[in-house]
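Throughout the sequence shown, residue numbering follows this note's numbering, covering 230 to 775 in sequence. Every residue, glycine too, gets a C-beta built ideally from N, C-alpha and C. Notes follow once the structure below has been shown.
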Amino acid sequence: MTILIQATTPFAGQLPGTSGLRKKVTVFQQPHYLENFVQALFDVLHGDAPAAGQTLVLGGDGRFHNRAAVQTILKMAAARGYGQVLVGQGGILSTPATSAVIRRRGASGGIILSASHNPGGPDGDFGIKYNATNGGPAPEKLTQAIYERTQVLTRYRLSDAPDIPLDTLGTHCMEGMAIEVIDPVADYAAVQRELFDFGAIRRLFASGFRLRYDAMWAVGGPYAKSIIEGELGAPAGTVVNAEPKEDFGGLHPDPNPAYADDLIAHLMGPDAPDMGAASDGDADRNMILGRHFIVSPSDSLAVLAAHATQVPGYAKGLAGVARSMPTSTAVDRVAKALGIACYETPTGWKFFGNLLDAGKITLCGEESYGTGSNHVREKDGLWAVLFWLNLVAVTGQTVEQLVRGIWQAHGRCVYSRHDYDGIATDKASTLMAELRAQLPTLGGQTIEGQTIAWADDFSYTDPVDGSVSQKQGVRVVLEDSSRVVFRLSGTGTEGATLRVYLERHEPDASRQDIPAQDALAPLIALAEAVAHIRQHTGMDAPTVMT
C-alpha cells in the first residue's frame with residue numbers, strides 16, 4: 230500500500246451550512262470534490278501533524294453515494310495517520326447514533342454522511358458534516374476555517390489500499406490504521422436503556438397498545454426494529470418502511486404532514502392505532518401523532534419538559550430547556566411554571582451544544598421536528614418516540630390527552646411554518662434586505678388591523694463562550710405577543726427557501742380547536758403585507774405548510 234499525493238484545485242462554494250455541506254449527488258461525484266473537503270477538514274483539525282492515536286467515527290444514512298464516500302474517507306484517514314476508525318456496518322450510522330458512539334467510545338470526532346431529510350438517489354442530495362469530540366456538530370468557527378482551507382487547497386493525500394468489506398462485523402488494517410466495522414445499533418441502544426423504563430413500555434405493548442412507526446425507507450428502520458420490536462416486544466410490522474434504501478423508496482424522508490401522508494392516513498382512519506411516529510433520512514427528526522390527532526413539534530417539546538421527571542433518565546429534574554428562535558413559545562411557558570431557565574437560540578443544533586456541555590439545559594428542540602437532550606449532542610428521532618411511549622405507559626394518558634393537558638395549563642400556541650422553496654437566491658436576498666430596511670419603523674405601526682409592538686433581526690450572544698451570531702431571522706411581534714418570523718433556510722441544495730413562522734397564543738379552551746391556518750389567517754395577511762412575498766417570489770402560495 231502507498232500514500233498517494235493528488236494535485237487538486239479549489240471548488241467554489243464548499244461552505245458548510247447549519248448542518249454541514251449539502252449539494253446534489255452529482256456535485257459530490259465530481260473528481261476531487263469530496264476529497265478536497267475532507268482534506269480541508271483534516272488540515273484544520275490537525276495542522277501539519279498526523280492524527281496518530283486518534284479515533285474517528287464514520288457512517289451515514291445509507292443514501293446513494295454513501296458507500297463510495299465511506300471508502301474514500303477511510304483511505305484519506307489512513308493517509309492522515311489516524312489510529313482507528315469505527316465505521317458502521319454497511320456504512321450505516323444514524324446521526325444520533327454517531328453522536329452516541331463518539332461519546333461512549335471516547336473518539337476524537339466523527340464524520341456523518343447525510344443530507345438529513347432531503348431526497349436521495351442518483352438525482353437527489355448528499356451531505357457531509359463533522360461532529361466534534363462532544364458528539365455535537367462542529368461550531369461555526371471550525372466550519373468557517375474548513376471553508377477557508379478549501380479555497381486554497383492544492384493537494385490531498387489518500388491510500389491506494391483496496392476497499393474494505395463493510396457488510397461484515399470485524400477489524401481490518403489499512404496503512405497501520407485499525408478499521409473496526411461495528412454494530413450500528415449497539416451503542417445507541419445502550420444509551421436508550423439507561424434513560425427509559427423499558428419494562429413499562431414492554432407492559433404497554435403487552436396490553437395491546439398499537440404503534441405505527443414509519444421509518445420512511447431510511448436509516449432509522451434498523452434502530453426502530455431492533456429496539457421497538459426486538460427489545461420492547463411490539464408486534465412484528467409495528468415498524469414499517471424499515472429497510473434503508475439509497476433513494477428512500479423514491480419518497481421524501483421528511484416526517485411532517487406534507488410528506489408522511491401514508492402515516493397520517495393510518496392514524497386518521499377508522500381502525501387507527503393508538504400512536505403514530507416517523508423519523509427522517511438520518512433518524513434525527515421525529516413526528517408524533519395520536520389517534521386522529523397530530524402533535525406539533527413545539528407542543529411535543531413542551532410535553533416532554535412538563536412530564537420529564539416521570540422518566541428514569543430525567544427523574545431528578547431539568548437543569549433548563551432551550552428552543553430555536555422560530556420554535557413556538559409553548560416550552561417557555563412550561564419552563565416558567567417549573568421555575569427553570571429557557572434559552573432562545575438561533576436555528577441549528579450546534580447552538581444547543583454549548584448549553585448542554587455547560588449543564589445549563591437538559592432538553593432542547595426546534596420546530597423542524599427535532600427534539601433531544603443531554604444524552605447525545607444531536608437531535609434524536611427514536612429517542613423522542615421512546616420518551617412518548619414511556620410517558621403514555623406511566624401516566625395512562627393518550628397522546629392527545631397529554632397535549633391537551635399542556636393547552637389547559639398554559640394555553641395553546643397555535644403555530645405553523647410556511648415554506649417557499651426554490652426561490653432564486655438573488656430574489657430571496659432582496660426580500661430579506663428590504664424587510665430588514667423596514668425594521669426601524671415597523672414598531673407601532675398598525676398593518677392589516679394588527680398593531681406591531683416591535684421588530685428586530687435576531688442576534689444571539691452565546692452565554693457560555695460569548696460568541697455572537699447575527700442576522701438569524703427577522704421577528705415581527707404584535708401587542709398580543711403573536712409573532713411572524715422570516716428566515717432563509719440553510720439546509721437546501723438548490724436556490725433558497727424562505728421560511729415564514731406564525732404563532733398566536735390562544736388561552737381560550739373553546740377556541741383551541743380552530744384549524745391552525747384559520748386561526749393564523751390575520752398573521753398570514755400581515756406577513757404578506759410586510760414582506761411582499763408574492764411580488765418577490767412570484768409564488769401565490771407556500772410550497773409546504775406544516
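State buried or exposed for Asp354, treating a residue as buried only when at least 16 other CB atoms are found within 10 Å of its CB.
buried
Buried or exposed: which applies to Ile234, given that a residue is buried once 16 or more other Cβ atoms fall within 10 Å of its Cβ?
exposed
Just checking my contact of Leu387 with Ala308 at CB under 8 Å: how many whole Å lie between their CB atoms?
Yes, they are in contact, since the Cβ atoms of Leu387 and Ala308 sit about 5 Å apart, within 8 Å.
Unbroken stretches of the alpha helix (DSSP H), 4 residues or longer, contained in the region 688–714
none
Going by DSSP, what residue range makes up the beta strand (DSSP E) through Ile393?
Ile393 -> no beta strand (DSSP E), and no H or E assigned at all.
At a cut-off of 6 Å, would you count Val729 as near the ligand ATP, judging by its Cβ distance to the nearest heavy atom?
Because no ligand of any kind appears in the structure shown, any question about the ligand ATP cannot be addressed here.
Three-way DSSP call (helix, strand, coil) for Glu224 in this model:
Because the chain is modelled from 230 through 775, residue 224 falls outside the range shown and cannot be assessed.
Residues sharing a beta bridge with His294, DSSP
Answer is none; His294 lacks a bridge partner.
Ends of the beta strand (DSSP E) at Gly479?
Careful: Gly479 lies outside any beta strand (DSSP E) and carries neither H nor E.
Sequence-distant residues of its chain with Cβ nearer than 8 Å to Thr659 (five each side left out):
His765
Does the Cβ-Cβ distance between Ser337 and Thr362 come in under 7 Å?
yes
Can you pull the DSSP bridge partners for Gln679?
Looking at the DSSP output, Gln679 shares a beta bridge with Ile676.
Tyr442 and Val468: beta carbons closer than 7 Å?
yes
Looking at the unbroken alpha helix (DSSP H) that takes in Ser345, where does it start and where does it end?
Run containing Ser345: none; DSSP gives neither H nor E here.
Considering only residues of the same chain and omitting the five flanking positions on each side of Lys474, which have a CB-CB separation below 7 Å?
Scanning its chain for C-beta atoms nearer than 7 Å, with the 5 sequence neighbours on each side dropped, one finds around Lys474 the residues Trp446, in chain order.
Let's test the definition: count the other Cβ atoms within 10 Å of the Cβ of Val524 and tell me whether it reaches 16, buried, or not, exposed.
By the 10 Å Cβ count, Val524 comes out buried.
Is Pro325 near Glu595, with beta carbons less than 7 Å apart?
Taking C-beta atoms as the reference points, Pro325 and Glu595 fail to come closer than 7 Å.
Would DSSP call Ala570 helix, strand or coil?
strand
Can you grab the Cα-Cα spacing for the pair Phe581 / Phe715, in whole Å?
Straight-line Cα distance between these residues: approximately 21 Å.
Return the CA-CA distance between Gln699 and Ala407, expressed in angstroms with no decimal places.
43 Å
Rounding to the nearest angstrom, what Cα-Cα distance links Gly466 and Glu458 in this structure?
8 Å
Is it a yes or a no for the region 723–730 touching the region 636–650, going by three-plus beta-carbon pairs under 8 Å?
yes
Alpha-carbon spacing of Pro486 relative to Val628, whole angstroms:
Whole-angstrom Cα-Cα distance: 17 Å.
For Ser597, which residues in the same chain have their Cβ closer than 6 Å to its Cβ, ignoring the five residues on either side in sequence?
No residues qualify anywhere along the chain.
Report yes if the C-beta distance between Pro502 and Arg439 is below 7 Å; otherwise report no.
Contact: yes.
Throw me the rounded Cβ distance for the Val550 and Ile590 pair, which I believe falls under 8 Å.
About 6 Å separates the two Cβ atoms, so the contact holds.
Quick one: grab the DSSP three-state call for Leu461.
coil
Determine, using beta carbons only, whether Gly350 and Asp476 come nearer to each other than 7 Å.
With respect to Asp476, Gly350 sits close: the two C-beta atoms are nearer than 7 Å.
Leaving out the 5 sequence neighbours to the left and right, which residues in its chain are closer than 6 Å to Ala613 when beta-carbon positions are compared?
Asn515, Thr600
Residue ranges of each alpha helix (DSSP H) within the region 597–644, 4 or longer
For the region 597–644, whole alpha helix (DSSP H) runs of length 4 or above, ordered along the chain, are 610–624, 628–639.
Rounded Cβ spacing between Ala418 and Val605 (contact assumed at less than 8 Å)
Going by Cβ atoms, the distance from Ala418 to Val605 rounds to 13 Å, so no, they are not a contact pair.
Beta-carbon proximity list for Gly462, same chain, < 6 Å, skipping 5 on both sides:
Arg431, Phe434
Cβ-based burial, Ser688 [other Cβ within 10 Å; buried from 16]:
That one is exposed.
From which residue to which residue does the beta strand (DSSP E) around Asp443 run?
440–443
On the criterion of 16 or more Cβ atoms from any shown chain inside 10 Å, does His481 qualify as buried, or is it exposed?
buried
N-terminal and C-terminal residue of the beta strand (DSSP E) that Tyr359 is part of
354–360
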